[in-house]
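What follows is a short report on a single structure.
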Amino acid sequence: MKWLEDYVHFRTETLYFINDYLIEYMTGCISPDLLSPLFESYRNVIDNYLDKELFHTTAAALASTNMSPAEAAKELFVHKNTVLARTRKFKEILGLQPLSSSKDTILLLALDSYLSK
Numbered sequence: 005m006k007w008l009e010d011y012v013h014f015r016t017e018t019l020y021f022i023n024d025y026l027i028e029y030m031t032g033c034i035s036p037d038l039l040s041p042l043f044e045s046y047r048n049v050i051d052n053y054l055d056k057e058l059f060h061t062t063a064a065a066l067a068s069t070n071m072s073p074a075e076a077a078k079e080l081f082v083h084k085n086t087v088l089a090r091t092r093k094f095k096e097i098l099g100l101q102p103l104s105s106s107k108d109t110i111l112l113l114a115l116d117s118y119l120s121k
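As structure tokens, then:
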């Protein structure tokens, strides 16, 4: 799939599956004009109340580890409690609970994908 080739930095010894990148693919297929009204208010809150880089790296690590705080912590080289503290901040500031709500997980990943463009 051309999109997957363009999006992922391939290594020859690794298998890649589109379902691992489905949220990114879907948000990439939707016009930014359609996503903007939904996500720009989140962007403003993140810009004002969260560290954008920590938001992105934490969301990406959680996504790549099936939302496991312990595994995400290993990937980020931080303690598990640090990841949990960041997700509590997501709840306080954004109203998202990605570790306990699949809808919030999807929104977090879509938001991160949108903001990473």
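Here the numbering used here is used: position 96 in the sequence shown is 100, and no number is missing along the way. Ideal Cβ positions, reconstructed from N, Cα and C, are used throughout, including at glycine. It should be emphasised that the depicted structure is a prediction, and the values quoted were computed from it without experimental measurement.
Once DSSP output is grouped into helix, strand and coil, what is the label at residue i?
i, result
"tyrosine 29", "helix"
"leucine 100", "coil"
"serine 120", "coil"
"histidine 60", "helix"
"serine 105", "coil"
"threonine 69", "coil"
"valine 82", "coil"
How far does the alpha helix (DSSP H) with residue i in it reach, from first residue to last?
i, result
"threonine 18", "Run containing threonine 18: none; DSSP gives neither H nor E here."
"arginine 38", "The amino acid at residue 38 is misidentified as arginine; the sequence shows leucine. Residues 36-53."
Exposed or buried, residue i, counting other C-beta atoms within 10 Å across all chains shown (16 or more means buried)?
i, result
"isoleucine 22", "exposed"
"tyrosine 46", "buried"
"arginine 92", "exposed"
"isoleucine 34", "exposed"
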